[in-house]
Amino acid sequence: MNRMALLAVCVVLPGAVMAQATPATALTAEEVTAMVSGKTLTTQNTRWGTVSLDFRADGRLYGRNNGGSDMGKWKLVEGKLCLEWRNWDYQGCGEVRRSGAEVQHLWPDGRVHFVVR
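Dropping the structure here:
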């Protein structure tokens, strides 16, 4: 390996490793409220693909995807975003965190539920 290539690897590699090591940070209750209340978000759901979520300021929740639609309720409990659907298979509270350029909602067990980019 020539010296220039080795130098390039030594300069670039640490930056790439640092970028990957950026930890996810939990959003505050105020940040979550500002992000969702009265807003419609297009999400990437780990089970159902693209899902549009309409978070009404009064706590009503509407969702649409290719498979249909549902309605339910949303609220914040101890800083976690809680969703309750009438028909869709989800009822629970999960942390909301920022990871790089995306915001993630977690299942109660800590796995990613959906992502907003």
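Converting from the sequence shown to the numbering used here requires adding 30 to each position, the first position being numbered 1. For every residue, glycine included, the Cβ atom is placed at its ideal position computed from N, Cα and C.
Please report how far the alpha carbon of residue i lies from the alpha carbon of residue j, in whole angstroms.
i: Leu-106; j: Val-146; result: 18 angstroms
i: Trp-117; j: Asp-100; result: According to the sequence shown, residue 117 is Asn rather than Trp. Their backbone Cα atoms lie some 6 angstroms apart in a straight line.
i: Arg-90; j: Thr-76; result: 22 angstroms
Just checking my contact of residue i with residue j at CB under 8 angstroms: how many whole Å lie between their CB atoms?
i: Asn-95; j: Thr-80; result: 6 angstroms
i: Gly-102; j: Trp-115; result: 4 angstroms
i: Val-126; j: Val-62; result: 5 angstroms
i: Ala-59; j: Gly-109; result: 5 angstroms
Tell me where the beta strand (DSSP E) around residue i begins and ends.
i: Glu-114; result: 110-115
Could you tell me which of the options sits nearest to residue i, measuring between CA atoms?
i: Ala-64; options: Asp-119, His-143, Phe-85; result: Phe-85
i: Thr-52; options: His-143, Gly-140, Glu-132; result: Glu-132
i: Gly-98; options: Gln-121, Leu-83, Val-62; result: Leu-83
Could one say the Cβ of residue i lies closer than 8 angstroms to chain B's Cβ atoms, at least one of them?
i: Pro-138; result: Checking the listed chains, one finds no chain B in this structure; it contains a single protein chain.
Could you please give the first and the last residue of the uninterrupted alpha helix (DSSP H) stretch that includes residue i?
i: Glu-60; result: 59-66
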